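Residues in the sequence shown are numbered from 664 upward in steps of one, following this note's numbering.
Note that the Cβ used here is the ideal one computed from N, Cα and C, for glycine as well.
Note that the structure is predicted; figures quoted are calculated from it, not measured.
First comes the structure, then the notes that go with it.
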Amino acid sequence: MNDQTQMRPMDPVPGVEQLFELAHNDLNDLCDAAVTAIEAGGGFGWLNVPPRETLERYWHGVVTMPARLLLVARLDGVICGSCQLVKPPVNNEAQAHAVHLTTNFVAPWARGHGLATMLVEGAEKLARQEGFSVINLDVRETMTNAIKMYESLGFTRFGEHPHYAMVDGKPVKGFYYYKTLS
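Spelled out as structure tokens, the structure:
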């Protein structure tokens with residue numbers, strides 16, 4: 664082996680998994696990733712970084728709610744993104760076939776490794792395993808990369824809301840999507 668071969672860095676290892684509980688290091692990773700996503704403008708609803716204890720309570724709440732399924736993206740073992748599937752209420756028999764994809768983000772430092780696509784594909788697989796046949800989601804018009812990804816993965820836009828969100832005191836349009844799982 665020459666020196667260049669020995670010094671070559673290893674490629675980062677991306678992956679996606681479902682979390683059922685939060686180890687301390689996973690909680691720290693999720694909070695850190697959420698902070699960087701919020702600061703970059705993709706904070707799944709948050710416009711400003713909340714106090715750390717608010718983020719910790721949020722993530723603890725997610726894993727304790729039976730109606731939420733949490734998927735996380737890891738890069739070299741470090742959580743760098745997430746998405747959730749939200750099940751319909753048990754009394755909603757008419758929409759028991761559909762699940763809602765939400766809180767989908769990848770921290771800016773981990774982008775470019777296909778993790779956003781891996782998260783959505785993982786969510787589709789999990790939705791099928793859980794017996795759902797449709798995934799619904801909504802997204803701000805400003806999330807152009809997410810919109811391109813959803814559409815490339817076969818999600819169909821079926822509506823828009825001109826006052827979906829308020830950012831800096833101005834309305835931002837939102838788009839609604841669905842995908843039928845086969």
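{"Query": "Below-8 Å beta-carbon distance, residue 687 vs any chain D residue", "Result": "Considering every chain present, this structure includes no chain D. It has just one protein chain."}
{"Query": "Separation of residue 686 from residue 815, as counted between CA atoms", "Result": "34 Å"}
{"Query": "Contact the stretch 739–758 vs the stretch 769–781: 3+ CB pairs below 8 Å", "Result": "yes"}
{"Query": "Nearest neighbour of residue 730, chosen from 716, 751, 712 and 717 [CA to CA]", "Result": "751"}
{"Query": "Range covered by the beta strand (DSSP E) that runs through residue 820", "Result": "819–830"}
{"Query": "Enclosing alpha helix (DSSP H) for residue 723 [first to last residue]", "Result": "715–727"}
{"Query": "For residue 833 and residue 786, the rounded distance between their alpha carbons", "Result": "32 Å"}
{"Query": "Residue interval of the alpha helix (DSSP H) (run including residue 788)", "Result": "778–792"}
{"Query": "The alpha helix (DSSP H) enclosing residue 690, as first and last residue numbers", "Result": "687–702"}
{"Query": "Neighbour-count burial assignment, residue 720, 16 or more Cβ in a 10 Å radius", "Result": "exposed"}
{"Query": "Buried or exposed by the 16-neighbour rule on C-beta atoms within 10 Å, applied to residue 808", "Result": "exposed"}
{"Query": "Own chain, CB closer than 8 Å to residue 839, minus 5 neighbours either side, in chain order", "Result": "799, 800, 801, 820, 821, 822, 823 and 824"}
{"Query": "C-beta contact flag for residue 844 and residue 790 at 8 Å", "Result": "yes"}
{"Query": "Cα-Cα separation, residue 830 to residue 803", "Result": "10 Å"}
{"Query": "Under the three-state DSSP convention, the category residue 796 falls into", "Result": "coil"}
{"Query": "C-beta contact flag for residue 768 and residue 726 at 8 Å", "Result": "no"}
{"Query": "C-alpha distance - residue 781 paired with residue 758, whole-angstrom precision", "Result": "26 Å"}
{"Query": "Distance between beta carbons of residue 734 and residue 680, contact taken as under 8 Å", "Result": "7 Å"}
{"Query": "CA-to-CA distance, residue 754 to residue 697, given in whole angstroms", "Result": "32 Å"}
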